[in-house]
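Per the working numbering, the sequence shown starts with residue 79, numbered consecutively.
Every residue, glycine too, gets a C-beta built ideally from N, C-alpha and C.
Nothing here was measured: the structure is a model prediction, and the numbers come from that model.
Presented below is the structure to which this report refers.
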Amino acid sequence: MPYIKLPPVNAKHGNSGTCKNLVNYLEKENKNKVSESQELFFNQNDDLIGKTKAERIIAHDVTTLGKKDAKFYEVIVSFSKAELKGRTDEDLKNYIKNNFAQDYAKSVNGKEIDPNSIVFVAKLEKERKYKGVDNEVLEGNKKKGQLKDGDNRHVHVIVARKTLNGRKISPLTHHINTTKGTVKGGFSQNGLKQHIEESFDKAFKYERAIEEKFSFNALTEEEKIVKKQEVKAVKIEEKRPFRGLSL
């Protein structure tokens, strides 16, 4: 399944100001590359978004937001080797352009959100580096900061806190479909993961094994055993020859 990460707010840079620091960070793979080879930001409306324009898009409306209120969030969409196989860069970009806003909007509980009102910019990245906590580094086989081998393409999405029509969305909230109190509605991170998996499979006609499914991996070990047995029984039944109706 695509791995979806919603990073906690960075303690140093935060997300209560502009997204300039995050945008600059996401320019790291463009360093020392000629302009024709650089990856630009994109969204559902534009394929050629530079740094300054990306910041301006995300800061489209900060009215009614307090000085300490979040102005944007980040969502990282990563893919398995199997999911990346045979996909071009344009395939992945088009998938995000055509599906991210819909999946994000559907994950909001208690509010009906128009997907076309979701404001975001995204950037395709191709590199991953080993961190100090990775087993390969701890075991001495790799060095911290060393590039990982293989296809490591993934997408960073910066989403504005407010939609085009002024609705506030907070994907890091722990409230889920609440009807009372200061925060009404909420956001389902599990729902987002499920929606992205489903839209990916539909977009690419990807035949996902049960072990790859988000719903399966959310089960306990005991429940996984039962689920596998159920799937096996269904497959056996499907392979049995049809003998027709008895008279």
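Look at the alpha carbon of residue i and the alpha carbon of residue j, and state the distance between them as a whole number of angstroms.
i	j	result
THR130	PHE282	33 Å
ASN213	PRO80	22 Å
SER113	LEU126	12 Å
ILE303	GLY218	36 Å
ASN230	PRO319	44 Å
ASP181	GLU316	33 Å
PHE278	ASP169	11 Å
GLY95	VAL312	53 Å
In the DSSP output, what is residue i paired with across the bridge?
i	result
TYR81	SER156
TYR151	VAL237
ILE127	PHE119
ASN187	GLY264
HIS329	The question about residue 329 has no answer here: the residues shown for the chain are numbered 79 through 325.
LYS225	Before going on, a small fix: residue 225 reads as Leu here, not Lys. Note: LEU225 sits in a beta bridge opposite LYS207.
LYS246	LYS240
What are the boundary residues of the alpha helix (DSSP H) that residue i is part of?
i	result
PHE294	292-295
VAL199	Per DSSP, VAL199 belongs to no alpha helix (DSSP H); it is in the beta strand (DSSP E), 198-203.
GLU114	Neither: GLU114 is in no alpha helix (DSSP H) and is coded neither H nor E.
VAL211	No alpha helix (DSSP H) contains VAL211, which DSSP labels as neither H nor E.
ASN99	98-103
Might you give, ordered along the chain, the residues of its own chain that have their beta carbon closer than 6 Å to the beta carbon of residue i, omitting 5 neighbours on each side?
i	result
VAL215	TYR208 and LYS222
PHE292	MET79, LYS271, GLN272 and GLU275
GLN233	A quick correction: the sequence has Val, not Gln, at residue 233. Excluding residues within five positions, the ones whose Cβ falls inside 6 Å are VAL155, ILE174, ALA200 and LEU202.
GLY269	SER185
Counting only the same chain and skipping the five closest in sequence on each side, list residues whose C-beta sits under 8 Å from that of residue i.
i	result
THR260	Any reading at THR260 must be qualified, since the residue scores a pLDDT of 49, below 50, and its modelled position is unreliable; no value is offered.
PRO86	LEU250
Using a Cβ-Cβ cut-off of 7 Å (strictly less than) and excluding sequence neighbours within five positions of residue i, which residues of its own chain qualify?
i	result
LEU162	ASP229 and ARG231
On the premise that residue j lies in contact with residue i, defined as a C-beta separation below 8 Å, what is that separation, rounded to the nearest angstrom?
i	j	result
ALA179	GLN122	6 Å
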